[in-house]
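Numbering (this note's numbering), first residue to last: 156 to 267.
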């Protein structure tokens, strides 16, 4: 039972950390392609709007796939203005820091 609770605790931390990146990217107008708990291959996925939500097979983390994180990827012209690398530096900083800030918020809530 303790292993299961530890796993569940880490899963919650991962979800909240990645949710920080996700919500910040959406808030500043970036295009989020995928929000996934755990790593691929994906066992379950569901598309809502422009974002695909999924659960992967390897329970070691999670990720948020934002359009344009790699400046060499090919991006459709209709969404190019929402790509990560085309955003102002302050927006990119907010998105990158949002995950760790969410961890700090969780820690503060747990301590309180």
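Just so it is clear, CB atoms sit at the ideal spot from N, CA and C, and this is done for glycine as well.
Residue environment, residue i, which counts as buried when at least 16 other CB atoms sit within 10 Å
i, result
"residue 186", "buried"
"residue 237", "buried"
"residue 190", "buried"
"residue 164", "exposed"
"residue 193", "buried"
"residue 211", "buried"
Residue i versus residue j: straight-line alpha-carbon distance, rounded
i, j, result
"residue 221", "residue 181", "10 Å"
"residue 229", "residue 205", "17 Å"
"residue 167", "residue 258", "10 Å"
"residue 157", "residue 231", "47 Å"
"residue 240", "residue 218", "18 Å"
"residue 263", "residue 171", "14 Å"
"residue 214", "residue 260", "23 Å"
"residue 162", "residue 234", "37 Å"
"residue 248", "residue 227", "20 Å"
"residue 244", "residue 223", "14 Å"
"residue 246", "residue 188", "17 Å"
"residue 169", "residue 265", "15 Å"
Boundaries of the alpha helix (DSSP H) in which residue i is found, first to last residue
i, result
"residue 246", "244-266"
"residue 181", "157-182"
Residue i: first and last residue of the uninterrupted beta strand (DSSP E) it sits in
i, result
"residue 207", "206-221"
"residue 188", "187-203"
Original post:
Can you find at least 3 beta carbon pairs, one from the stretch 164-178 and one from the stretch 244-262, that sit closer than 8 Å?
Top reply: yes
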